[in-house]
Each structure stands twice: as C-alpha cells, then as structure tokens.
Amino acid sequence: MAASAYLMYNAYFGFKESPFNLSPDPNFLYRSPQHEEALANLIYGVQSRKGFIVLTGEVGTGKTTMLECLRDYLAYQRVAFAFLFNSRITPTEFFEMIAYDLDLRCARNSKTEVLFALNQLLIHQANSGNTTVLIVDEAHNLEWDVLEEVRLLGNLENRQGKLIQVVLAGQPEFDRKLDAPNLRQLKQRVVLRCTLNPFEERETVEYVTTRLEKAGMQNQAVFSPELLAEVHRRSQGIPRLINAICDNLLLTAFAVEARVATMEMLDEVCTDMRLEWPGMRRRGPVASMGGLAGNPVYGVSYRD
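Numbering that gives the first Met the number 0 puts the last residue of the sequence shown at 303; the count rises by one with no breaks.
Here is the structure:
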C-alpha cells in the first residue's frame, strides 16, 4: 500500500500507526504466556552464560519478534552481540559477518585472525564481568559445516561459564536437524530450548484486540467475536497470518467506507490470499466468461 493510502487508512480508523504491520515490532508484542516464557528463557540463558539456547516455532509464530526483543534488551544492557539474519552462508562468510557485527579489528576474511580477535574480545568482556552474544535467525538453513563452526565456538569458556552465548532460532526442522548423528555434540550443548506454538482462539482474540489498542483504537468494534473466531480458524492461530488477514480486512472496509468488517469481506480476503485451512469448503470449478472451466477459488496454500 502506498504511504499516502496508509495515512488515509490510519486516519479513517483513528490509528496512530498501522496495527497489523508484518514487520517484527517489539512495541506491538503480545505477551502471551508462551511468549513471556520464551523471552524470559532467552534472557536468563544469556545472563547465566548457559552457552547454547534454541528457539523454534512454525513459520510466522513470532520467533524474529522474540529476537528483536532480545536485541533491545542486550542493547539496553550494553551487551555486545552479533546478529546473523542471513543463514545461507559459507563458513568464511560466517566469520566475516561475526567480525563485522562485533567490529573486530582484524583481517575479516581470515578465519584464524577472526578467531584470535574474537577470543581476545571475549576474554576482555569476561574480565569486565560482561558476556557476548551470537544470535542466528533462520538457523534451519545453516549448512552442516557452518553448524560445526558454531559448535566449536562453545569451546571458548572459562571457569565462570561460556565466553559467548549462542542463540539459534529456526523452524521445527531445525530440531530434527539437531537429531542427526553428526550433530549430536552440538545437541548435547543445548541447555535451554524454547518453542513457540500457534495461538489458541482466546489468544487470537486478545492478540488482535491488543494490537488495535496499541495502534490507538480502544474498545474495538470492527471485528465481531464471530468474525474473530473465523479469523482464528482460517489463520490456524499463526500471528503472521492473523496480521495479514486483519490488515486486508481493514483495507477492504476502508475501501467501501465501512466501519465493521464482515464475513463476506473475510471470504474475499482469503480468496485473494489463496489461503487454505483444515475443514475449508472448496468451491468447484466456475465457468469463465469464455465458457471454459476456471480454476477453483481456493487452491494454493499461502506462503511467506
């Protein structure tokens, strides 16, 4: 949506900012019990110098938002950290990215020099009573040789604990990857595991209501309880899908100058998004204007 359209959209509903932006914004964090627990475990793991911490969850359940909250905490506490957002990298690129994020003064294309500079930094941080953190998003994409380099970083330790804390976030297949025989040494080093699951219906309702309130709409009446129950069913409780559906519902209501979203609008949005969900009623082929059978309205799963 163009910036000017967003301004009109927000003004129409009285929003200070868009409530269902797809970007991971900690300011819009819905503190469900599982998200509170996951964030507490991430912070505890770092503070206690536990070494390896794994966060997993299905696509769109809020892993990156948790990492953004952790980054805010680390920045506030002035804890040095490196954040790898692109996990499709080679071992050489892995060390280059660490060196860049931690501003290591060395030849960044040399693994030996990066490790030497990193070790010096970690020792200096530990002697000052501080720690250093490596955060890797989309860890399920890491190649085996990169994961082995990650594991070897766990050898950097002193009597007080690990010198670098490693947070690995990924989809459920990352857990399965860790079960591989050649990664058993890394799996044994993981001392904390957190899992994010899709919302239950009650949490979906609270999630939508919370985001609307934070955007400036108190006592929302745009989405009826029946509509929110259907949003939950069709999104299967995935926060990213809830955002996309609700954002499109608000846009559709704005376009027709309506103040309340309807089930017909939801049907239109889900058709446009090519959504599928358990128990959905598929529509049969529809004759096109040229007399030929068209494609089913619902037929392609939503991907991100």
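Yeah, the Cβ is synthetic: ideal placement off N, Cα and C, and Gly gets one too.
- Sixteen is the threshold: when 16 or more other Cβ atoms of the shown chains lie within 10 Å of the Cβ of residue 125, as they do, the residue is buried.
- For residue 193, the enclosing beta strand (DSSP E) begins and ends at 189 to 195.
- With distances taken between CA atoms, residue 28 lies nearest to 60 out of 60, 44, 9, 10.
- For residue 79, the enclosing beta strand (DSSP E) stretches over residues 79 to 83.
- Note on residue 136: 16 or more other CB atoms within 10 angstroms of its CB, so buried under the neighbour-count rule.
- Taken in chain order, the unbroken stretches of alpha helix (DSSP H) that lie wholly in the segment 220 to 261 and span 4 residues or more are 224 to 234, 238 to 254.
- Scanning its chain for C-beta atoms nearer than 6 Å, with the 5 sequence neighbours on each side dropped, one finds around residue 215 the residues 13, 14, 15, in chain order.
- With a 10 Å radius around the Cβ and a threshold of 16 neighbouring Cβ atoms, residue 255 comes out exposed.
- In this structure residue 239 is buried. Its beta-carbon is surrounded by 16 or more other beta-carbon atoms within 10 angstroms.
- When secondary structure is reduced to three states using DSSP, residue 173 falls in the helix class.
- In this structure, the alpha-carbon of residue 191 lies about 33 Å from that of residue 212.
- Taken in chain order, the complete beta strand (DSSP E) segments of 3 or more residues contained in the segment 53 to 133 are 79 to 83.
- A buried status is given to residue 164, since no fewer than 16 other beta-carbon atoms sit within 10 Å of its beta-carbon.
- For residue 202, the enclosing alpha helix (DSSP H) stretches over residues 200 to 214.
- Of the residues assessed, residue 223 falls on the exposed side of the cut-off, its CB having fewer than 16 other CB atoms within 10 angstroms.
- A distance below 6 Å between beta-carbons, with the five flanking residues on each side excluded, links residue 90 to the following residues of its chain, in chain order: 144, 145, 148.
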